[in-house]
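For reference, the structure discussed in these notes is given below.
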Amino acid sequence: MFTLEFMKTSKAWPRRWRLWLFLLWLSCACNIVWATTTTFTFTLDEPCKTSAGVFKPDGTLIRTLWSKVRFQAGTNSAVWDGLDDETNAAPEGIYEIRLLQHNTEYVWDGAIGNTSAELSGPTVHHGFWPIRDIAISGTNAFYVSGYNEGGYDFRSFVTTEPQRVKASWFWVFNEDTNKSAYSIPGTVYDLNWLWTVSDSNRVYFACSATTDPYDLRFTTNRNNRAGCIVSCDVSDNGQADFTNGIKINLQFVNTYLTTNFTTNVIGNVTNIDANTVTNPYYVRLKRGIYAGTQPGLSGLGVQQNGNLLAASVAPDNRVYLKDKITGAELNDFFVSVPKGLSFSSDGSLWVISSNLHSVICYTNLSISPAVAVTISNLVKPLAVAVNPNNPNLILVADGGSSQQVKAFDSTGNSVWTYGEAGGYQTNGVAVTPNKFWFFDGENEGTFLSFAPDGSFWVGDGANHRCLHYSAARNFLEQIMCQPHTRVACVDQNNPSRVFNEFLEFNVDYSKPLPQAWTLVNNWKANLGSNYFSYYQGLYEMTTFTNGRTYGLIDNISSGHAVKELVELGTDYLRFTGVDPMATNQARWISFGADGSARATVIQEAKWYESSLAGFDTSNNPIWNTEVLIASAPEGSRDPVPRFGGLGNIRLIINTNDILISFDQSQSNGWHLGGIKLGSTNWL
Numbered sequence: 003m004f005t006l007e008f009m010k011t012s013k014a015w016p017r018r019w020r021l022w023l024f025l026l027w028l029s030c031a032c033n034i035v036w037a038t039t040t041t042f043t044f045t046l047d048e049p050c051k052t053s054a055g056v057f058k059p060d061g062t063l064i065r066t067l068w069s070k071v072r073f074q075a076g077t078n079s080a081v082w083d084g085l086d087d088e089t090n091a092a093p094e095g096i097y098e099i100r101l102l103q104h105n106t107e108y109v110w111d112g113a114i115g116n117t118s119a120e121l122s123g124p125t126v127h128h129g130f131w132p133i134r135d136i137a138i139s140g141t142n143a144f145y146v147s148g149y150n151e152g153g154y155d156f157r158s159f160v161t162t163e164p165q166r167v168k169a170s171w172f173w174v175f176n177e178d179t180n181k182s183a184y185s186i187p188g189t190v191y192d193l194n195w196l197w198t199v200s201d202s203n204r205v206y207f208a209c210s211a212t213t214d215p216y217d218l219r220f221t222t223n224r225n226n227r228a229g230c231i232v233s234c235d236v237s238d239n240g241q242a243d244f245t246n247g248i249k250i251n252l253q254f255v256n257t258y259l260t261t262n263f264t265t266n267v268i269g270n271v272t273n274i275d276a277n278t279v280t281n282p283y284y285v286r287l288k289r290g291i292y293a294g295t296q297p298g299l300s301g302l303g304v305q306q307n308g309n310l311l312a313a314s315v316a317p318d319n320r321v322y323l324k325d326k327i328t329g330a331e332l333n334d335f336f337v338s339v340p341k342g343l344s345f346s347s348d349g350s351l352w353v354i355s356s357n358l359h360s361v362i363c364y365t366n367l368s369i370s371p372a373v374a375v376t377i378s379n380l381v382k383p384l385a386v387a388v389n390p391n392n393p394n395l396i397l398v399a400d401g402g403s404s405q406q407v408k409a410f411d412s413t414g415n416s417v418w419t420y421g422e423a424g425g426y427q428t429n430g431v432a433v434t435p436n437k438f439w440f441f442d443g444e445n446e447g448t449f450l451s452f453a454p455d456g457s458f459w460v461g462d463g464a465n466h467r468c469l470h471y472s473a474a475r476n477f478l479e480q481i482m483c484q485p486h487t488r489v490a491c492v493d494q495n496n497p498s499r500v501f502n503e504f505l506e507f508n509v510d511y512s513k514p515l516p517q518a519w520t521l522v523n524n525w526k527a528n529l530g531s532n533y534f535s536y537y538q539g540l541y542e543m544t545t546f547t548n549g550r551t552y553g554l555i556d557n558i559s560s561g562h563a564v565k566e567l568v569e570l571g572t573d574y575l576r577f578t579g580v581d582p583m584a585t586n587q588a589r590w591i592s593f594g595a596d597g598s599a600r601a602t603v604i605q606e607a608k609w610y611e612s613s614l615a616g617f618d619t620s621n622n623p624i625w626n627t628e629v630l631i632a633s634a635p636e637g638s639r640d641p642v643p644r645f646g647g648l649g650n651i652r653l654i655i656n657t658n659d660i661l662i663s664f665d666q667s668q669s670n671g672w673h674l675g676g677i678k679l680g681s682t683n684w685l
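Each residue of the sequence shown is one higher than the one before, counting from 3 in my numbering.
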């Protein structure tokens, strides 16, 4: 960085006073300064990226001239037009032009907690929620991630390369153009795709509920219609319409809204009557089928060799049987609160009865379904899968206090059980390949999926992963990707400890990132529901001077989030009962690397700090009385720390004692600002 100093003069002064000498600290070049426009030069010893700005002598930035612009080696020239960032003429006075130069190149190293082979691009696994279901046909595997806001509904991979997404897509039929659009952007009204099954020719996808497109507001009647099923070809992902299917209504769109609102999705607009809009058309899924009489499709299955497609609808207490090619309804029968389904190669259907905590085998499906076998010694069955090559092997994912995969033969006798009984709630926070936490991202749930070779996949959603086991139950591999998250941090004094919500990763920075991280702990085990919120997770994790690691967690038991101090032991999470810097003001709390507690007053440009005084007999930190360390003006365009969508914002103080403020709101002003400690002005 160098400083270029000059005086800006008034036009009212004599002409000879309008000329001033620039002193260029690095190149010693001289320049003439005019009152309205100033040309200056600077010398670089090598080509590099530069940024430049005009500052007052006290360090206040008044004009950003450019940012990240590459200049060649040698002497270069540039111009300041005498205006500030508000396009106002700068008053007369002394100003400095400061230039930063670097040849730093940002390289994306990948993501912690993502097993994908590539670091970026279309082959990387990702989703708004963890993977909710996998279907395998030959070497082709397909999966869904439930509600996948703004993303693709369906993805596939090849079983020989599970760490590469082969394709991502969804199907939308545009009523206006009478064409299918495979790449139309997703919206916040995406369907909740939870199930996928396949035979050798087709793969089927099902969602729990659909939305009535005739309700233009979408606010009170979202997901008020029965769930639906769509299909595609295994070979090329092309739409495989049900011949008796119909267009599944997704969105009602019209040119009035396209012209007058920022989005053409009518669901984002309230209080609009259908009769007031013009040129309507519908966006639909082409040739799908509905299942049941009401929302709540709860399971899906398809025969490998026969013609049946089955869908369970828990609120109906029915399992519906349809022709898997035409979509025509063939039969239905009663099951108490049916959930997961799986066809056996002999044509029988295994159904989870959630209400009865049982898995029931039905035969004679097309004529008069009859109970053949009942497996009843289960805690909370969540998923069922029959080996496609061996109808004598049925797997059940048993939730609740079990959290295990249990195998049975076709007569209902137990064959084996895999996984630590009780999972993480019973066996602690350490993550291992033989311990499950059946959770789909929103509720207790999971999936089981067989491959043709007898190996199988298990959904371990609370750990954001899918685990692959051989037929002999040896762990083979995992697919892991982090879903949407709002809380993440790194221990300031032990950067090998990285946290995403409640998951802890160990990172070895001497290795390339894909090989550097290991999932080691899930600190969510045994936490009460009062610690699960919009911004759930551990944050501000810091190893203090006593060698213990402390952090914060939001406790919402009182109706609003209270920052509660926790300590992480070797295999336990200890609640201290301490609320650092407790106050009735809306604040973000953070820790300094020295153990100090810092408070950012939300909606105000005021920051406080309490230095660490020591520890009490329970090893809880004690802090000194808080003091105001900085404040700044709060104009509408100033980077005041306002509410937004990012949650707790860490108070950062750099090595030059400059406090960094960040306004995360969607304002039209500055998002970043700096204040010198002890100061009352923005720099």
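Just so you know, even glycine gets a beta-carbon here, dropped at the ideal spot from N, CA and C.
Asked                                                                                                         : Found
Burial state of V205 (16 or more Cβ within 10 Å)                                                              : buried
Buried/exposed call for A372, threshold 16 Cβ in 10 Å                                                         : exposed
Range of the contiguous beta strand (DSSP E) that encloses Y574                                               : That residue, Y574, is in no beta strand (DSSP E); it is neither H nor E in DSSP.
Where the alpha helix (DSSP H) through N429 begins and ends                                                   : 425–429
Beta-carbon proximity list for I655, same chain, < 6 Å, skipping 5 on both sides                              : L661
I516: first and last residue of the uninterrupted beta strand (DSSP E) it sits in                             : The sequence as given places Pro at residue 516; Ile does not occur at that position. No beta strand (DSSP E) contains P516, which is instead part of the alpha helix (DSSP H) from 515–518.
Proximity below 8 Å, CB of I555 to CB of L540                                                                 : yes
Reference D455; option with closest CA among H470, V398, N105                                                 : H470
As assigned by DSSP and simplified to three states, the class of G463                                         : helix
Start-to-end residues for the beta strand (DSSP E) that takes in K168                                         : 163–171
Residue span of the beta strand (DSSP E) that contains G549, given as start and end                           : Looking at the DSSP string, G549 is not in any beta strand (DSSP E), and its letter there is neither H nor E.
Test: A54 CB closer than 8 Å to a CB of chain C                                                               : Although the question refers to chain C, the structure presented lacks it and comprises just one protein chain.
Coil, strand or helix - N557 by DSSP                                                                          : strand
Sequence-distant residues of the same chain with beta carbon closer than 7 Å to A490, five excluded per side  : F501, N502
Rounded C-alpha distance that separates K513 from L193                                                        : 40 Å
Same chain, Cβ closer than 6 Å to D442, neighbours up to 5 away in sequence not counted                       : R134, G463
Reduced DSSP category for D318 - H, G, I as helix; E, B as strand; rest coil                                  : helix
Cβ-Cβ separation, A432 to L693 (assumed contact under 8 Å), whole Å                                           : Nothing about residue 693 can be reported from this structure: the residues present for the chain run from 3 to 685 only.
S612 - DSSP class collapsed to helix/strand/coil                                                              : strand
Alpha-carbon to alpha-carbon, S457 and L478                                                                   : 9 Å
Per-residue DSSP class, three states only, for N256                                                           : Annotation note: pLDDT 42 at N256 (below 50); position unreliable, coordinate value reported separately. The answer is strand: DSSP assigns N256 an E or B state.
Separation of L332 from W519, as counted between CA atoms                                                     : 51 Å
Backbone CA spacing between I274 and I591 [nearest angstrom]                                                  : Low confidence applies here, because I274 scores a pLDDT of 36, under 50, leaving its location unreliable and the question unanswered by this model.
F441: CB within 7 Å of a non-hydrogen atom of the ligand ADP                                                  : Questions concerning the ligand ADP fall outside what the structure shown contains, since it holds no ligand whatsoever.
Backbone CA spacing between A143 and E120 [nearest angstrom]                                                  : 18 Å
Through-space distance from K526 to N429, alpha-carbon basis                                                  : 12 Å
Per-residue DSSP class, three states only, for S404                                                           : coil
Cross-strand partners of E444 (DSSP beta bridge)                                                              : DSSP lists no partner for E444.
Own chain partners of S170 with C-beta closer than 6 Å, once the 5 adjacent residues on each side are dropped : Y154, R157
Top-ranked residue by Cα proximity to V146, from W672, H104, W195                                             : W195
Under the three-state DSSP convention, the category L685 falls into                                           : coil
The segment 587–607 contacting the segment 621–637, beta-carbon criterion three pairs below 8 Å               : yes
Straight-line Cα distance separating E542 from R652                                                           : 8 Å
At least 3 beta-carbon pairs within less than 8 Å: the segment 122–130 vs the segment 66–76                   : no
Three-state class that DSSP yields for A183 in the structure shown                                            : Low confidence applies to A183: its pLDDT is 49, below 50, so where it sits in the model is not reliable, and the reading given next is rough at best. Note: A183 maps to strand in three-state DSSP.
Beta carbon of F578 nearer than 8 Å to that of N622                                                           : Before going further, note that residue 578 is Thr rather than Phe in the sequence given. Yes, the pair counts as a contact, with Cβ atoms nearer than the cut-off.
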